[in-house]
Amino acid sequence: MKFTEKVLSFGAGGILHGILTEPEASQRIEGAPAVLSWNVGLHHHIGPHRFFVDMARELAHRGFTSLRFDISGLGDSEVSRDDARPDPERAISDVRAAMSALEAQRGFTRFVPVGFCSGVDAAHAVSVRDERVVGVVYLEGYGFRTPGFYLHYPERFLNPNRWERLLRRRFPRLFGDVAAVEDPALARERVYIRDYPTRERLRWDVHTMVERGTRLLLVYVGGDTDYNYPEQFFEMIGRETTTNIDVTFYPKADHTFFIESDRKLALERVSSWLREHFSAPAPRQEAAHSERLGNGAQTW
Amino acid sequence: MKPLFLGNTARRLYGVYHSPLRTSRHAVLLCYPGMQEYNAAHWAFRRLAAMLARDGHHVLRFDYFGTGDSAGDSRDGHPDGWVEDVKQAAQELRDLSGARELSVVGMRLGAAFATLASSAGLRVRRLVLWEPVIDGRAYVRELELWDSRRNLMLLHSSRTRDRKTELLGHPFPAAVRNATEALDLTRVGAPRADKALILAAEPRGEHEAFKAVLEKHGVATALKRVMESATNGEQEVRERALLSNTALLDMAEELRGVLSA
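Chains A and B supply the protein sequences, listed in that same order.
With the numbering used here, letter number 168 in the first sequence gets 168, and the count goes up by one each step, no holes.
With the numbering used here, letter number 124 in the second sequence gets 124, and the count goes up by one each step, no holes.
Written out as structure tokens, the structure reads:
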């Protein structure tokens with residue numbers, strides 16, 4: 001085993017709990033930031049399909065320390081009875097408490113939060129405000145429909161997979177599953193409730209982070225989201241802000257990376273991005289790059 | 001609530017220990033369902049653990065090898081090993097708490113593992129079996145049906161349709177499939193349990209058959225219907241059960257009987 005995993009309890013009264021995954025000493029990258037992850041919706045800290053466990057172990061092999069933990073009141077973390085703060089405010093405070101705990105106990109001064117779906121909200125808020133954040137990963141983060149989105153929209157009518165799905169939903173008897181369309185669990189899964197910043201706010205926040213030297217990795221998937229082509233993010237925030245930002249679009253993946261091979265691609269993207277930008281202690285700025293990877297992903 | 005790692009270096013298991021509000025000689029081990037149903041059950045298990053600790057039980061909930069935060073890749077787990085994990089966790093709970101007596105609560109596949117562990121020598125006061133998987137083949141078929149419906153959400157479901165090594169977003173290697181399909185609790189050996197409680201939202205013939213088997217082995221067994229409000233299907237019954245108190249209260253009530261005995 002090239003890493004160790006320990007329970008880390010932190011925050012006021014030690015009521016927040018997480019798993020600290022550390023590479024063995026010979027593998028550790030000196031001065032590298034610590035990576036943080038937490039709940040996705042009501043999923044506890046392991047993430048959908050154990051995403052954050054696999055991520056922590058993969059990152060440890062690459063020399064990075066990470067902490068996956070539960071926001072107070074969720075998963076294995078407790079919440080103080082006196083704590084009446086709204087959930088988003090508490091989440092931001094808990095992420096900062098995690099950073100302070102790693103600073104106090106392991107000497108980390110730089111951090112990379114990884115937000116996934118609704119977890120992006122706290123990742124974004126902390127990253128904008130806290131200068132200890134040198135990089136931030138948005139997995140299925142904010143999407144705003146742009147003129148480019150609508151230009152690409154008709155492409156869906158040429159996609160045979162969409163027609164097949166429509167037929168399967170409309171005529172389940174043809175495919176041997178009578179109850180599928182009426183299954184209320186499916187209807188619930190189609191709804192993802194998010195607390196978005198305004199587009200102007202997002203543009204300003206990204207600009208603030210980039211000016212500070214913070215690096216951003218944004219990973220989007222295809223499907224039924226408000227994001228449908230790789231460069232859409234730059235249309236969302238304005239093309240004048242492109243430095244320090246990497247965007248990867250997986251048109252065939254779904255929202256929670258349901259298929260194992262898609263999860264592996266996303267994990268590989270996060271770990272290679274960290275390795276590329278945070279293997280050396282000093283932060284640096286580079287222009288956004290564009291390339292096409294050989295795995296279906298489109299990166300800008 | 002105290003998270004910890006247990007087991008040995010080669011097979012470290014993650015667990016959360018809930019200490020009782022008062023001195024107790026009785027401990028309860030909670031066995032999660034399989035990884036396909038684990039995330040959905042996590043919150044209910046946390047609530048159940050808190051309820052039982054308030055009642056005066058030492059409680060441990062833990063992740064099987066290759067699941068949750070325990071060591072091992074998701075492809076490395078196997079039902080035989082998971083049954084051993086139940087025995088290992090039970091021993092650790094005894095050591096940790098000093099409790100002399102133990103009961104086990106298992107949900108779905110976890111109920112099957114709890115029963116098999118008890119049949120293999122784990123001595124328990126109560127076996128509480130929540131929607132137990134009795135017929136492994138039927139269980140796999142049920143998960144496959146959900147999987148096919150879940151795939152309706154995907155744009156590229158053709159990528160998963162013929163891939164039998166994944167199920168509901170988790171690896172499902174052939175060895176795990178074969179061992180799961182071979183599960184048949186109506187052929188289980190005698191569990192070392194005083195009593196058993198089977199909880200089911202919709203009691204069926206298989207529950208009755210399993211109850212009869214346990215009783216034949218000398219385990220006094222009750223089959224209780226969990227009264228949930230009207231629903232549209234088995235999956236929703238289970239979802240409601242996970243969010244409601246009904247099943248949790250039934251289990252807590254059953255285990256209170258051990259404390260007062």
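The beta carbon of each residue, even a glycine, is placed where N, CA and C say it ideally should be.
Computed from a predicted model, the values in this text were never measured in an experiment.
Interface with chain A (8 Å Cβ-Cβ cutoff): B:Pro173 is excluded.
Note that the C-beta distance between B:Ala41 and B:Tyr32 is below 8 Å. DSSP places A:His255 in the coil class of the three-state scheme, outside both helix and strand. A:Ala123 is the residue among A:Leu139, A:Arg90, A:Leu218 and A:Ala123 whose C-alpha sits nearest the C-alpha of A:Arg132.
Where B:Leu93 is concerned, the enclosing alpha helix (DSSP H) starts and stops at Pro79 to Ser97. Contact annotation, B:Met35 with B:Ser74: C-beta distance approximately 7 Å; criterion of less than 8 Å satisfied. Against chain A, the beta carbon of B:Glu131 has no neighbour under 8 Å; the closest one sits roughly 16 Å away. Sixteen is the threshold: when 16 or more other Cβ atoms of the shown chains lie within 10 Å of the Cβ of A:Asp262, as they do, the residue is buried. In the displayed model, A:His45 falls within coil according to three-state DSSP, outside both helix and strand. In the structure shown, B:Lys211 adopts helical secondary structure according to DSSP, grouped into three states. For B:Met107, the beta-bridge partners assigned by DSSP are B:Trp130.
Using a CB distance below 7 Å, the part of the stretch 63 to 74 of chain B facing chain A consists of Gly68, Asp69 and Ser74, ordered along the chain. For the stretch 61 to 86 of chain A, the set of positions with a beta-carbon nearer than 9 Å to some beta-carbon of chain B reads Arg68, Leu74, Gly75, Asp76, Ser77 and Glu78 in chain order.
Ranking A:Leu166, A:Ile237, A:Ile19 and A:Gln232 by CA distance to the CA of A:Val53 puts A:Ile19 first. Between A:Thr146 and A:Glu89 the beta-carbon gap is near 30 Å, outside 8 Å, which marks them as no contact. Between B:Asp135 and B:Asp80, the CB-CB gap reaches or exceeds 8 Å. Membership of B:His57 in any alpha helix (DSSP H) is not indicated, and neither H nor E is assigned to it by DSSP. Within 10 angstroms of the beta-carbon of B:Asn151 lie 16 or more other beta-carbons, which makes it buried. Close CB contacts of A:Lys2 within its chain, under the 7 Å cut and outside five residues either way in sequence, are with Pro23, Glu24, Gln27, Ala60 and His61 (chain order). Check the Cα spacing between B:Leu13 and each of A:Ser9, A:His17 and A:Glu5: the tightest is with A:Glu5. At least 8 Å separates the beta-carbon of A:Phe233 from that of A:Val221. The secondary-structure analysis by DSSP pairs A:Pro154 with nothing; it has no beta-bridge partner.
In this structure, the CA atom of A:Ser72 is about 13 Å from the CA atom of A:Gly119. Shown here for B:Glu101: same chain residues with a beta carbon closer than 8 Å to its own, the five before and five after excluded, namely Arg25, His26, Ala27, Arg125 and Val258 in chain order. Under the 10 Å beta carbon count, A:Thr208 is surrounded by fewer than 16 other beta carbons and is classified as exposed.
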